[in-house]
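Beneath this line is the structure, given in structure tokens, with notes to follow.
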Amino acid sequence: MINPLVIPIMPVLGVLTANLNELIRGEVVNLHPKLMIGIKTFNAAAAGFAFIWFALLVTAISISDQYSALTGALIIGLFLLGIAIYGIFKGAKFLSASTQVWIYRLALPLMALGSYLVVHFG
């Protein structure tokens, strides 16, 4: 069984990934039409989006090696739960444009920190 302290981390990473997915697909313009994203911010968000899929794979494999395959599946399930929650509640409408920009800028470090915490304390 995984450490209960890391259980909330994976849904949060799922929510962040869903948020980045909206940016990359261009859907964020519907909720924040005046949102201006620079190329550096977009690149940081895209790097965070690409990183999380690799980190999710490594995290699930690492947790599976430490505990069991069921625990690795739980990690992936919690991540997908975060994506589903964001989609059901349309998470972007709860965030202001400036908050969105900072989420995009901090995407890569937040994803790396979350994955590290799950692997380390798992």
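Sequential numbering of the sequence shown, starting at 33, is according to the numbering used here.
Every residue gets a Cβ at the ideal spot worked out from N, C-alpha and C, and that includes glycine.
On a predicted model such as this, the values are computed, not experimentally measured, just so you know.
Query, Result
"In whole angstroms, give me the CA-to-CA distance for Leu145 and Gly80.", "11 Å"
"Going by CA-CA distance only, name the one from Leu106, Gly46, Phe74, Pro40 that's closest to Ile120.", "Gly46"
"Check this for me: beta carbons of Ile95 and Ile84, under 8 Å apart or not?", "no"
"What is the DSSP secondary structure of Ser130, counted as helix, strand or coil?", "helix"
"Flag this pair as yes or no: are the beta carbons of Pro43 and Gly114 separated by less than 8 Å?", "yes"
"Compute the Euclidean distance between the alpha carbons of Val38 and Ile93, then round it to the nearest angstrom.", "16 Å"
"Tell me whether Ile108 sits in a helix, a strand or coil according to DSSP, three-state version.", "helix"
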